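Colleague: Residue numbers (this note's numbering), protein chains in the order written: chain W, 1212 to 1420; chain F, 139 to 498.
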Amino acid sequence: MEFKTFVFYFLAMTLIYAAARVVTLRNPVHAALHLVLAFFSASGVWMLLEAEFLAVALVFVYVGSVAVLFLFVVMMFDVGADHLREGFRKNLPVAALVASLMLIEMGCTLWLRFSTSAERALPHAGAGYSNVKVVGRLLFTQYAYPFELASVVLLTGVVAAVALTLRGRRAGRSANPSEQTLVNPRDRIRVVEMRLDRPGAENDLKGGE
Amino acid sequence: MRVIDDVLAFVLGGIGERVFGTMWPSVFIALATLVKIACIVAPLMLSMAYLTLLERKIIGWMQARLGPNRVGPFGLAQPLADGLKLLFKEIVIPSGADKWVFLAAPVFAIAPALAAWALVPFDDGLVLADVNAGLLTLMAITSIGVYGVILAGWSSNSRYAFLGGMRSAAQLISYEVAMGLALVVVVMVSNSLNLGDIVRSQGKGLFADAGFSVFSWNWLPLFPVFIVYLVSIVAETNRAPFDMAEGESEIIGFHLEYSGLAFALFYMAEYASMILCSTLAALLFLGGWLSPFGFVPDGFHWLFVKVFVILTGFLWIRATFPRYRYDQVMRLGWKVFIPITLLWTLVVGAWMMSPLSVWK
């Protein structure tokens, strides 16, 4: 057995274990952490397939930002474990249908596309081969329009999120930092010079000039 | 790094082949990598410790004080004394805390700050892992650091720590965007994601040919981005004036419930990422190991000097500026830095395509 095979089985087992824990754990924060572990393992599997760019991008995007936002939401909601199980039986038939459909689709894809010698059929690249350059070139030539379309979809999402949460200009006073920085100290305070050693200085202190 | 390989092969070669037989080459690679990692991490730990001393000394001098001077000559043993003190303190786990997550959070904080050093080139070719997409990998590794913050806040079972964790995590994510966009500009002009290539590309150009390499480095043509990057790394490492995580006088941060060595790990993570971010700034904008003038040879000492200058800048900033208010921190990140970097991406893109391009 090659060392690579050992690494693959280790990563695959971790991935399956973590993915199973995501749906079976009672504590939602722990479940989100197992999701992070699943992302890591998946990235490791991609690394074994010599797709370094995708592997790094998976960690960067999903572990670095998406899972963090999941954690944010899950921590803020503080959902109880009992509440999570609610309606499990009622939704089971639909869920089972969807899951089996997905399984069949996955099975078809894997069955038809990959034979038993799938790994041998993959082209192996030399040491000087740069994954990033090839992905970049493809994105900006062959897949330029889908790429742009994807970015437009994302932009729509951003604008929608802003529009949904914006509730108009807030009434009341709020500080405007750019106006604040324009303030001159002389507008706010006045430095009064006075000598305290002369007679009658106490009167100055009381507010006279 | 080659030297380590040769020495190890010379010392262990005979014994290793007898013990491991045909497995020896793979065992040797693992062993040599471990030794190299130790060679990087040990000096790093030492510099982290002495950076704390340097900070207290420099801020002391700036405030006309002496700084620590009791332990050892000139207070040189102070970091060791601090470390020892924290080592013997009890790690109190709050009641109701999620114990495992509570103890794992400091590890999440410091591990990425150390792991990222595998990708940092110290000299031409002197790097542990020469990865093609080095810069992207580095960003991916450092982006994991936010878990330390958010998990520490959540697992402490304390409202203060939780709010502090949320605050710091939001700050880290926001400034990561500005930082990432600044790096996009650097990658554009360097035409590579490999850190070594990025440094080497700065050694070429009009001024470098004339013997003034210092004006060919990225800081001059990318000046606004350089400034954005410098300020972003201060915010990214939770340092003053963006030290909302600490804020001991008004708001309290995510590591409120931590004590002893667990707190020390957060502290070390902060200093480790300070050194890491400064090294990155030196590599990406200040020519890394390149010497500023043509007649002086390049070398590791140049990188050291540049990192030292940037780190001193960190401390200077801390001694000078009052703390930002949180909404102003977010405003600076989202409304000032991101537009600046976006605009400069367009400008540099147009500049590169124009006949005036200096990166041909």
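For glycine and all other residues, C-beta sits at the position ideal for the given N, C-alpha and C. Only a predicted model underlies this, so the values are computations on that prediction, with no experimental measurement involved.
Is the shortest distance between the beta-carbon of L1282(W) and the beta-carbons of chain F less than 8 Å?
Modeller: Here residue 1282(W) is taken as the residue at index 71 of the first sequence, counted from 1. Yes, because at least one Cβ of chain F sits closer than 8 Å to the Cβ of L1282(W).
Colleague: Just by C-beta distance, which residues in the segment 1384 to 1395 of chain W are closer than 7 Å to chain F?
Modeller: P1388
Colleague: Using a cut-off of 8 Å between C-beta atoms, extract the partners of F1271(W) located in chain F.
Modeller: Start at 1 with the first residue of the first sequence, and residue 1271(W) comes out as number 60. What F1271(W) touches in chain F: L274, M277, A278 and S281.
Colleague: For R1402(W), count neighbouring C-beta atoms within 10 Å of its own C-beta (all shown protein chains included) and say buried if the count is 16 or more, exposed if not.
Modeller: Locating residue 1402(W) in the first sequence gives position 191, where the first residue counts as 1. Just to set this straight, residue 1402(W) is Val in the shown sequence, not Arg. V1402(W) comes out exposed.
Colleague: Spell out whether any CB of chain F is found under 8 Å from the CB atom of A1223(W).
Modeller: Position 12 of the first sequence, counting from 1, holds the residue named residue 1223(W). A1223(W) does not count as touching chain F.
Colleague: Counting pairs of beta carbons, one from the segment 310 to 317 of chain F and one from the segment 363 to 376 of chain F, are three or more of them closer than 8 Å?
Modeller: Verdict: yes, contact present.
Colleague: Label T479(F) either buried or exposed according to how many other C-beta atoms from any shown protein chain fall within 10 Å of its C-beta, with 16 as the threshold for buried.
Modeller: To locate residue 479(F), count along the second sequence from 1; it is residue 341. Of the other Cβ atoms in all chains shown, 16 or more fall within 10 Å of the Cβ of T479(F); this residue is therefore buried.
Colleague: Which chain F residues are close to M1286(W), counting only those with a beta carbon under 9 Å from its beta carbon?
Modeller: In the first sequence, the residue the question calls residue 1286(W) occupies position 75. Ordered by position in chain F, the residues that pass the 9 Å Cβ test against M1286(W) are I288, G291, W292, F300, G303 and M304.
Colleague: Could you tell me the alpha carbon to alpha carbon distance between K195(F) and F1221(W), rounded to whole angstroms?
Modeller: Numbered from 1 along the second sequence, position 57 holds the residue referred to as residue 195(F). Numbered from 1 along the first sequence, position 10 holds the residue referred to as residue 1221(W). Using only the alpha carbons, I get a separation of about 49 Å.
Colleague: From this set, G425(F), A187(F), L182(F) and R469(F), which residue's C-alpha is nearest D220(F)'s C-alpha?
Modeller: If you number the second sequence from 1, residue 220(F) lands on position 82. D220(F) has its Cα closest to that of A187(F), out of G425(F), A187(F), L182(F) and R469(F).
Colleague: Does the structure place the segment 292 to 300 of chain F close enough to the segment 239 to 246 of chain F that three or more beta carbon pairs sit under 8 Å?
Modeller: yes
Colleague: Distance cutoff 8 Å, beta carbons only. Does S1252(W) sit that close to anything in chain F?
Modeller: Start at 1 with the first residue of the first sequence, and residue 1252(W) comes out as number 41. By this cut-off, S1252(W) is not an interface position.
Colleague: Are L449(F) and W440(F) touching if we call contact CB-CB under 8 Å?
Modeller: The residue labelled residue 449(F) in the question sits at position 311 within the second sequence. The residue labelled residue 440(F) in the question sits at position 302 within the second sequence. Cβ atoms of L449(F) and W440(F): not closer than 8 Å.
Colleague: So which residues of chain F does E1261(W) contact, with C-beta pairs closer than 9 Å?
Modeller: Your numbering for residue 1261(W) matches position 50 in the first sequence. Near E1261(W) there are no residues of chain F at all, since even the closest Cβ is about 11 Å away, more than 9 Å.
Colleague: Please go through the same chain and pick out, in chain order, the residues whose beta-carbon is closer than 7 Å to the beta-carbon of K227(F), but skip the five residues on each side of it.
Modeller: Translated into the one-based positions of the second sequence, residue 227(F) becomes position 89. Closer than 7 Å at Cβ, skipping near neighbours: S397 and G398.
Colleague: Below 8 Å between beta carbons: does that hold for A1266(W) and S1252(W)?
Modeller: Residue 1266(W) sits at position 55 when you count from the first residue of the first sequence. Residue 1252(W) sits at position 41 when you count from the first residue of the first sequence. No.
Colleague: Quick check on DSSP: helix, strand or coil for D465(F)?
Modeller: Taking the second sequence and counting its residues from 1, the one referred to as residue 465(F) is at position 327. Of the three classes helix, strand and coil, the one that applies to D465(F) here is helix, per DSSP.
Colleague: So with CB distances below 8 Å, who are the chain F contacts of V1267(W)?
Modeller: Here residue 1267(W) refers to the residue found at position 56 of the first sequence. A271, L274, T275 and A278, listed in chain order.
Colleague: Apart from the five residues just before and just after A267(F), which ones in its own chain have a Cβ nearer than 8 Å to its Cβ?
Modeller: As a position in the second sequence, residue 267(F) is number 129, starting the count at 1. The residues are A256 and L257.
Colleague: What did DSSP end up calling L264(F) once you bin it into helix, strand or coil?
Modeller: Start at 1 with the first residue of the second sequence, and residue 264(F) comes out as number 126. DSSP places L264(F) in strand when its eight states are reduced to three.
Colleague: To the nearest angstrom, report how far apart W199(F) and L1226(W) are at their CA atoms.
Modeller: To locate residue 199(F), count along the second sequence from 1; it is residue 61. To locate residue 1226(W), count along the first sequence from 1; it is residue 15. Taking the straight line from one Cα to the other gives about 54 Å.
Colleague: Which residue marks the beginning of the alpha helix (DSSP H) containing S306(F), and which one marks its end?
Modeller: Start at 1 with the first residue of the second sequence, and residue 306(F) comes out as number 168. S306(F) -> alpha helix (DSSP H) spans R297 to S328.
Colleague: With distances taken from CA atoms, which of G425(F), H393(F) and L321(F) is nearest G334(F)?
Modeller: Position 196 of the second sequence, counting from 1, holds the residue named residue 334(F). Closest option to G334(F), Cα to Cα, is G425(F).
Colleague: Count Cβ pairs between the segment 1228 to 1246 of chain W and the segment 244 to 252 of chain F that sit closer than 8 Å; are there 3 or more?
Modeller: no
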